[in-house]
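I have placed the structure first, in the form of structure tokens, so that the comments after it can refer back to it.
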Amino acid sequence: MTARSARFSGVDGAGTASARTTTTEWHKVWNLPLRIASPTRLETYRYDGNGNLTRYSETPTADSDGSQGISAAATGATRTTNWTYTADGQVATSSGPHAGVATSTTYVYRTADDTATPPQYRKRDLYQIIDPLGRTTTINQYDASGRPLQTTDANGAVTTFTYSNRGWLTSQTTTPASEAGQTTNYSYDAVGQLTKVTLPDGSSVSFSYDAAHRLTGAADSLGNSIAYTLDAMGNRTQEQVTDPSGVLTRRVDRVFDSMSRPLRVTQQGALPSGSTSDAPIKVVPAGITASSTYADNVPTRAIDGDGSAWIASGYATQWIEVDLGAAVPLKKVRMLVSQSPAGQTTHVVTGGMNPAPTSVLQTLSGNTSDGQWLEAALDGSVSVRYIRITTTSSPSWVSWHELEFYR
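Written out as structure tokens, the structure reads:
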């Protein structure tokens with residue numbers, strides 16, 4: 001390939017049955033990608049005269065191994081994100097990729113330096129962010145290092161920030177309109193690790209670390225605590241939760257292989273206060289796979305507990321499958337819907353001891369909307385290791401915010 005060639009193809013696992021081809025077409029001026037064709041996906045990029053990315057599109061294709069390149073046939077709708085820029089090259093608007101809903105966000109910048117001494121802002125500092133619903137957040141003031149000192153949200157609440165000499169956030173005070181301010185304080189050790197957060201009501205959470213700067217525990221001001229035991233690779237091999245009396249309320253043990261992949265997860269110890277022996281216990285999955293993935297919205301996002309989402313690269317039928325690590329007498333599966341627009345959906349829950357289980361445990365069908373929890377109550381007398389959730393109909397690309405499993 002010469003410096004001005006327009007297209008390049010690379011093959012992973014060449015000469016094998018599992019070979020995967022990625023084809024990239026390059027912009028001859030900016031040396032930036034124009035189209036990237038990979039298994040089941042075609043990505044398209046567009047730029048302005050200054051080389052700024054103005055449009056990104058992703059289309060699901062029928063090309064399972066990437067061998068068809070950029071000519072692969074589409075199998076679903078294209079998802080597109082657009083950007084515009086100011087004359088200075090700063091992002092002015094962004095929109096997409098969800099269709100049928102408002103997605104445009106506008107960014108406004110200062111057009112001149114502040115004349116005060118010292119100045120509260122500089123030319124080209126970000127001034128306002130206007131979200132798709134027209135709500136405006138204003139950054140009123142910056143410090144000399146470009147960190148925001150004061151903001152005002154769409155409801156009129158003013159938030160002020162203070163920093164240490166090393167630039168670490170030390171306090172944040174939010175004052176709603178016509179109400180008293182609420183302050184949260186942050187403390188750090190000598191190397192910048194967060195050691196304590198003190199909330200407006202005076203309660204606090206403290207954090208501890210080992211010599212390698214890895215989090216090893218946390219404790220609140222009531223005396224509740226959690227301690228982590230780490231292996232040489234930083235994997236959490238054990239978690240112990242204790243109450244203010246020092247009583248162990250939960251323990252989780254994990255075993256990993258030489259590549260840090262979980263092999264077994266065991267939960268034991270006293271049940272939480274007020275529980276009975278029949279109370280469901282959450283199971284931590286050992287692995288997760290899916291039929292496809294859109295961009296970096298990988299399957300693990302559906303089990304990370306932070307509300308982010310796995311998104312398939314297309315409409316139904318799509319599936320996501322969890323390995324529980326061992327045979328589990330499963331009682332319940334909870335699913336947090338990620339969907340736009342709302343509408344009729346059908347999800348089939350199957351389970352078994354081997355991957356790609358086919359035994360139907362429950363079928364959920366009805367009108368659903370984003371942020372809604374669905375629940376499948378199961379017969380715990382039957383043990384399963386693998387659970388697959390197959391979406392056979394949905395008005396949007398298949399996606400889940402969170403999946404939870406209980407024995």
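Numbered per full-length UniProt numbering, the sequence shown spans residues 1 to 407.
The beta-carbon is built from N, C-alpha and C at its ideal position, and this holds for glycine as well.
Item                                                                                                                                                                                         : Value
Using the DSSP secondary-structure output, state which residues sit across from threonine 289 in a beta bridge.                                                                              : Glu321
With a CB to CB cut of under 7 Å and the five nearest residues on each side skipped, what residues in its chain are close to serine 383?                                                     : Ala327, Val328, Pro329
Count the C-beta pairs between the stretch 389-403 and the stretch 298-311 that are closer than 8 Å, then say yes if the count reaches three, no if not.                                     : yes
Taking glycine 10 as part of the beta strand (DSSP E), name the residues at either end of that continuous run.                                                                               : 7-12
Within its chain, find whatever has a CB closer than 8 Å to the CB of glycine 274; leave out the 5 residues flanking it on each side and keep chain order.                                   : Confidence at glycine 274 is low in this model, with a pLDDT of 40, below 50, so the placement of that residue is unreliable and no value is reported for it.
Would you call the CB atoms of serine 95 and threonine 86 closer than 8 Å?                                                                                                                   : no
Write down the C-beta distance between glutamate 58 and serine 313 rounded to the nearest angstrom, noting that I regard them as a contact closer than 8 Å.                                  : 7 Å
Rounding to the nearest angstrom, what Cα-Cα distance links glycine 134 and aspartate 257 in this structure?                                                                                 : 50 Å
Please work out which residues of its chain come closer than 8 Å, Cβ to Cβ, to residue 420, disregarding the five sequence neighbours upstream and downstream, and give them in chain order. : No information on residue 420 is available, as it lies outside the stretch 1 to 407 that the chain covers here.
Mind checking who proline 329 pairs with in its DSSP beta bridge?                                                                                                                            : Ser383
Report yes or no: do three or more beta-carbon pairs, one from the stretch 158-167 and one from the stretch 142-149, lie closer than 8 Å?                                                    : yes
Do three or more CB pairs link the stretch 348-359 to the stretch 111-125 at distances below 8 Å?                                                                                            : no
Three-state secondary structure (DSSP) at isoleucine 311?                                                                                                                                    : strand
Look at the alpha carbon of arginine 46 and the alpha carbon of arginine 55, and state the distance between them as a whole number of angstroms.                                             : 5 Å
Given this structure, state the Cα-to-Cα distance separating glycine 51 from alanine 356, to the nearest angstrom.                                                                           : 45 Å
Taking isoleucine 387 as the reference, which of Tyr186, Ala157, Ser359 has the closest Cα?                                                                                                  : Ser359
Alpha carbon to alpha carbon, how far is arginine 41 from aspartate 143?                                                                                                                     : 44 Å
Can you tell which of Ala232, Lys196, Asp253, Gly66 has its C-alpha closest to the C-alpha of tyrosine 212?                                                                                  : The sequence shown places alanine at residue 212, rather than the tyrosine named in the question. The shortest C-alpha separation from alanine 212 is found at Ala232.
Can you name the start and end residues of the beta strand (DSSP E) that serine 359 belongs to?                                                                                              : 359-368
Is the distance from the Cβ of valine 205 to the Cβ of valine 197 below 8 Å?                                                                                                                 : yes
Since I believe serine 338 is in contact with alanine 295 (beta carbons under 8 Å), could you give me their beta-carbon distance rounded to a whole number of angstroms?                     : Wrong, their Cβ atoms sit about 14 Å apart, outside the cutoff.
Along the beta strand (DSSP E) that carries threonine 175, what are the first and last residues, could you check?                                                                            : 169-175
Quick one: grab the DSSP three-state call for threonine 300.                                                                                                                                 : helix
Along the chain, which unbroken stretches of the alpha helix (DSSP H) at least 4 residues long are found entirely within the stretch 3-87?                                                   : none
Threonine 75 and alanine 62: beta carbons closer than 8 Å?                                                                                                                                   : yes
What does the Cβ neighbour count give for leucine 324, buried or exposed, with the cut at 16 atoms within 10 Å?                                                                              : buried
Across which residues does DSSP place serine 187 in a beta bridge pair?                                                                                                                      : Lys196
Based on the DSSP secondary-structure assignment, which residues constitute the bridge partners of threonine 162?                                                                            : Ser171
Please state whether DSSP places leucine 403 in a helix, a strand or coil.                                                                                                                   : strand
Which residue from Arg214, Glu404, Thr249 puts its Cα closest to that of glycine 307?                                                                                                        : Glu404
Once DSSP output is grouped into helix, strand and coil, what is the label at leucine 133?                                                                                                   : coil
Go ahead and pull the three-state DSSP assignment for methionine 259.                                                                                                                        : coil
Using only the alpha-carbon positions, how far apart do threonine 81 and tyrosine 107 sit?                                                                                                   : 16 Å
For leucine 374, name the three-state secondary structure that DSSP assigns.                                                                                                                 : strand
So which of Arg20, Ser64, Arg385, Thr345 has the shortest CA-CA distance to arginine 264?                                                                                                    : Arg385
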